[in-house]
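Read through the structure below, which is laid out as structure tokens, and then see the notes.
Numbering (our numbering), first residue to last: -11 to 507.
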């Protein structure tokens, strides 16, 4: 049998290779991991930068507040304004100003804001505690604002009265954009390092997968293709003790078993061909001999009939002549069986109702069944049991199967004949209460010339099987020693005529059970 070579994928589909799929998977996982860690790192960096900015602003506010206490006691308003301006310029802050408890700005790094009212949000923060911070979102960018209470110290009470009332509050505003720039640079450097790590991971994975997976899998695939092309001597070197190594071992074991099986099949096929040739030659020889024997047998049969009439009054001689006639008749039956099996006639199909056909055969066999002490129970079907068949050939099958059943019940018994119709086929079952078929010969019952009886040719059921197969049907047997046998014939329903099989096939084709075949 010729096995088609496996179809190799076109070049455009090489993108679906295992190596590329693995690398794409690693790349996808790496990108997801990189993106996730980048988001987490950016969020953490922003929190760190914001915390750093708040700490710096708090330090500046505390430093300015400490210096202001001394300057407000010994200095002048101009000195305080100059100090706030220098803080703004040197500390890289946006603005520094002081506002009193009424919310009026009393001193600022920018003189033009003095006397104005402070931001309401700043005033609200002063009510929450002595030191608070907030974030402002402006068109120029985000800013951090620190509000620091200026306590009313001992040196200030002479001018500002009550000790529990603060002199005012210091507001320090820092730009957040420089911290964001630093944060972006940090995240960018981390992203570059992560991308480089991802590239190295992909390249390393490509090398690892190529050495550990793709290369041995490719060798295994090549070995599979060579095996599929018929080279069963192909083996894969086993170099590892992992899953791929065990897979290579299993492949080698499979290839060895296939090689042994193919050698056995070739040997069996050669024997079958030789047996078929011998059987074909034997069939031709049997047909030729049958033709040569038929005419002399006809002459002998006529002569025996004449002798029987001549010795009508001599009882002993007449018994001898009748026995000669019986043996000549048996030889004639054997000759007819040989001719029927070696050169079967092509069936002439027409619509046949199996209920009617089977009823006719049972009527003809009633007398023979009575002599054999067999009760025939016929159960026709009420459904449509029409098939396309050759009436004479089908009747020959029914007669042979009934004779087999009679011979399987030497002490008498019951034969149940059932006709059952299905959607696509009609089944005829012959169920006897005979001795059954031994299991050791059940596999050989479909061979021609096989019989366990001393009479007959062993071709009766072989001819039955040939006829049924020529009608597109099948014959099967279920049997057990001591439990009887059930022969089931299945023929296609009349919805479409069956394809008539060849009639000049191999004489050694499987036949029916000749161990219980007709004589």
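Ideal Cβ placement from N, Cα and C applies to all residues, glycine included.
Residue i vs residue j beta-carbon contact at 8 Å
i, j, result
"residue 188", "residue 14", "no"
"residue 369", "residue 480", "no"
"residue 456", "residue 385", "yes"
"residue 452", "residue 463", "yes"
"residue 132", "residue 111", "no"
"residue 418", "residue 393", "yes"
"residue 343", "residue 407", "yes"
"residue 105", "residue 122", "no"
"residue 409", "residue 372", "yes"
"residue 340", "residue 374", "yes"
"residue 160", "residue 45", "yes"
"residue 448", "residue 388", "yes"
"residue 47", "residue 75", "no"
"residue 41", "residue 164", "yes"
"residue 236", "residue 226", "yes"
"residue 83", "residue 67", "no"
"residue 350", "residue 362", "no"
"residue 232", "residue 18", "no"
"residue 353", "residue 390", "yes"
Buried or exposed (CB count within 10 angstroms, at least 16 for buried), residue i
i, result
"residue 35", "exposed"
"residue 155", "buried"
"residue 157", "buried"
"residue 403", "buried"
"residue 86", "buried"
"residue 115", "exposed"
"residue 420", "buried"
"residue 8", "exposed"
"residue 454", "buried"
"residue 37", "buried"
"residue 99", "exposed"
"residue 499", "With a pLDDT of only 33 at residue 499, under 50, the local geometry of the prediction cannot be trusted, and the value read off the model is given with reservation. The residue is buried, with at least 16 neighbouring Cβ atoms inside 10 Å."
"residue 126", "exposed"
"residue -8", "Reliability of the predicted coordinates at residue -8 is poor, the pLDDT of 43 falling under 50, and the value obtained from them is presented with this limitation in mind. With fewer than 16 other Cβ atoms within 10 Å, it is exposed."
"residue 335", "buried"
"residue 358", "exposed"
"residue 261", "exposed"
"residue 458", "buried"
"residue 93", "buried"
"residue 81", "buried"
"residue 238", "exposed"
"residue 16", "exposed"
"residue 581", "Lying outside -11 to 507, the shown extent of the chain, residue 581 is not represented and no answer is given."
"residue 196", "exposed"
Proximity winner among the options, relative to residue i (alpha-carbon distances)
i, options, result
"residue 380", "346, 68 and 419", "346"
"residue 320", "344, 295, 284 and 400", "284"
"residue 415", "378, 454, 266 and 367", "367"
"residue 316", "306, 289 and 301", "289"
"residue 26", "76, 68, 173 and 67", "173"
"residue 429", "467, 401 and 447", "467"
"residue 223", "234, 235, 240 and 209", "240"
"residue 478", "227, 472, 470 and 460", "460"
"residue 214", "196, 243 and 355", "243"
"residue 348", "383, 363 and 359", "383"
"residue 179", "431, 23 and 450", "23"
"residue 113", "236, 137, 96 and 129", "137"
"residue 88", "102, 97 and 186", "102"
"residue 216", "250, 398 and 32", "250"
"residue 117", "124, 139, 107 and 130", "139"
"residue 134", "39, 258 and 426", "39"
"residue 176", "252, 29, 195 and 202", "29"
"residue 228", "212, 201, 287 and 253", "201"
Cross-strand partners of residue i (DSSP beta bridge)
i, result
"residue 356", "The partner list for residue 356 (beta bridge, DSSP) is empty, contrary to what the question assumes."
"residue 163", "131"
"residue 480", "413"
"residue 85", "96 and 159"
"residue 338", "377"
"residue 120", "135"
"residue 463", "477"
"residue 366", "405"
"residue 418", "405 and 475"
"residue 125", "130"
CB-CB length for residue i against residue j, believed under 8 Å
i, j, result
"residue 298", "residue 338", "Contact flag wrong, Cβ pair sits at about 47 Å."
"residue 470", "residue 401", "About 12 Å separates the two Cβ atoms, so there is no contact after all."
"residue 536", "residue 220", "In this structure the chain extends from -11 to 507, so residue 536 is not present and cannot be described."
"residue 95", "residue 69", "6 Å"
"residue 296", "residue 310", "7 Å"
"residue 55", "residue 71", "7 Å"
Closer than 7 Å: residue i CB and nearest the ligand HEM heavy atom
i, result
"residue 8", "Ligands displayed in this structure: none; no statement on the ligand HEM is therefore possible."
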